[in-house]
Amino acid sequence: MATKSMCETYICVKNEDEAKYVADFILSADEGDEDAKKAFMEKFGKACSSHFDPHKHLKKIGLANQTTMYKKETRAIGQLLQKTMMSKYGPDLINDHYYEFDTICDATQVRQDAVDELCNMHDDPSKPDLDFILVVGGFDSSNTAHLLEIPQMRGVRSYHINTAECISGENTIKHRLVNGDVVDSAPLLEDEMLWETNEKGEKTKKLLRVGVTSGASTPDKEVQDALGRIMLLTNVLHSNSKEEVTP
Numbered sequence: 003m004a005t006k007s008m009c010e011t012y013i014c015v016k017n018e019d020e021a022k023y024v025a026d027f028i029l030s031a032d033e034g035d036e037d038a039k040k041a042f043m044e045k046f047g048k049a050c051s052s053h054f055d056p057h058k059h060l061k062k063i064g065l066a067n068q069t070t071m072y073k074k075e076t077r078a079i080g081q082l083l084q085k086t087m088m089s090k091y092g093p094d095l096i097n098d099h100y101y102e103f104d105t106i107c108d109a110t111q112v113r114q115d116a117v118d119e120l121c122n123m124h125d126d127p128s129k130p131d132l133d134f135i136l137v138v139g140g141f142d143s144s145n146t147a148h149l150l151e152i153p154q155m156r157g158v159r160s161y162h163i164n165t166a167e168c169i170s171g172e173n174t175i176k177h178r179l180v181n182g183d184v185v186d187s188a189p190l191l192e193d194e195m196l197w198e199t200n201e202k203g204e205k206t207k208k209l210l211r212v213g214v215t216s217g218a219s220t221p222d223k224e225v226q227d228a229l230g231r232i233m234l235l236t237n238v239l240h241s242n243s244k245e246e247v248t249p
């Protein structure tokens, strides 16, 4: 889960499931268990240093993370490994066997916290729901991709675009999915986002509610341009309604 260019001995795990596999090996594999070692290396052989020996090198662990890693997952992995080493060696010796480095970028943390807060607002019954969250940033940006994962995991509609041009005047959006695929979806703005019915049963224009965030290196202008396109599209769709509308 961390860049390895500065490490002589290392193992990289991609997620919490792989970290659990490592933790299980630490707790259950006997020192001379060659079958367990073989299975371990078959799984992580391409993700560790060439001389890595799990029986030897998992006795003392230093945890570092990719600077753009989703911090909640990083925290969960850290707690798992700390608990594992404490179970293995006891609380009095934990500092001899486990150390954690905080390497998440401050700008990334701020953005992740902000998206979490947007999701909290969406889930708060006392506040209006967000129609969707827009994430703006490069499709190859790791920190931007992690920002998309947060609302996706919370069940909040969200889109990751790399430029304002991803939003078309035809009410479609070109966006990146969590799995990395880039797709076109339509409509971006659905009728329920644009219209509501008042107490008299009249159809009225509805205020669009969009949460927005961006990657750490995304220019502010790109975000402003994207929001401008959404505002323009909203106005066009409101104006094009053929039904009688109460202003």
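Position 156, counted from 1, in the sequence shown is what the numbering used here calls 158; the numbers after and before it change by one each time, with no gaps.
Glycine included, each C-beta is placed from N, C-alpha and C at the ideal position.
As the structure is a computational prediction, the values presented were derived from the model and not from experiment.
Under 8 Å between C-beta atoms of residue i and residue j
| i | j | result |
| --- | --- | --- |
| L136 | V238 | no |
| V225 | S219 | no |
| L65 | E102 | yes |
| L83 | A31 | no |
| A275 | C14 | Examination of residue 275 is not possible in this model, given that the chain is present from 3 through 249 alone. |
| L196 | T165 | no |
| E18 | I79 | yes |
| Q114 | I152 | yes |
| V214 | L234 | no |
| E198 | K208 | yes |
| H57 | K45 | no |
Per DSSP, the bridge partner or partners of residue i
| i | result |
| --- | --- |
| L65 | E102 |
| I169 | I175 |
| T199 | K205 |
| C50 | I13 |
| D186 | K176 |
| Y161 | L136 |
| T215 | V137 |
Buried versus exposed call for residue i [16 or more other C-beta atoms within 10 Å across all chains shown]
| i | result |
| --- | --- |
| S143 | buried |
| H162 | buried |
| Q81 | exposed |
| S128 | exposed |
| H177 | buried |
| P130 | exposed |
| D133 | buried |
| S52 | exposed |
| T76 | buried |
| M250 | In the structure as shown, the chain begins at 3 and stops at 249. Residue 250 is therefore absent and cannot be evaluated. |
| S243 | exposed |
| K16 | exposed |
| V180 | exposed |
| G139 | buried |
| S241 | exposed |
| L149 | buried |
| N67 | buried |
N-terminal and C-terminal residue of the beta strand (DSSP E) that residue i is part of
| i | result |
| --- | --- |
| I135 | F134 to V138 |
Residue i: CB within 7 Å of a non-hydrogen atom of the ligand PLP
| i | result |
| --- | --- |
| V15 | The ligand PLP is not part of this structure, which contains no ligands at all. |
Extent of the continuous alpha helix (DSSP H) to which residue i belongs
| i | result |
| --- | --- |
| I13 | Where I13 is concerned, there is no enclosing alpha helix (DSSP H), given that its DSSP letter is neither H nor E. |
| P56 | P56 to H59 |
| N181 | Premise fails: N181 is in no alpha helix (DSSP H) and is neither H nor E. |
| D222 | D222 to S241 |
| K74 | K73 to Y91 |
| S128 | Segment: none, S128 is in no alpha helix (DSSP H) and carries neither H nor E. |
| S143 | S143 -> no alpha helix (DSSP H), and no H or E assigned at all. |
Closer than 8 Å to chain C by CB, residue i
| i | result |
| --- | --- |
| G139 | No chain C appears in the structure shown, which is made up of a single protein chain. |
**Request:** Please confirm if the stretch 109–126 is in contact with the stretch 149–158, defined as three or more CB-CB distances below 8 Å between the two stretches.
**Result:** Touching, yes, given that three or more Cβ pairs across the two stretches are closer than 8 Å.
**Message:** Counting beta carbon pairs with one atom in the stretch 109–116 and one in the stretch 177–197, are three or more of them shorter than 8 Å?
**Reply:** Short answer: they don't touch.
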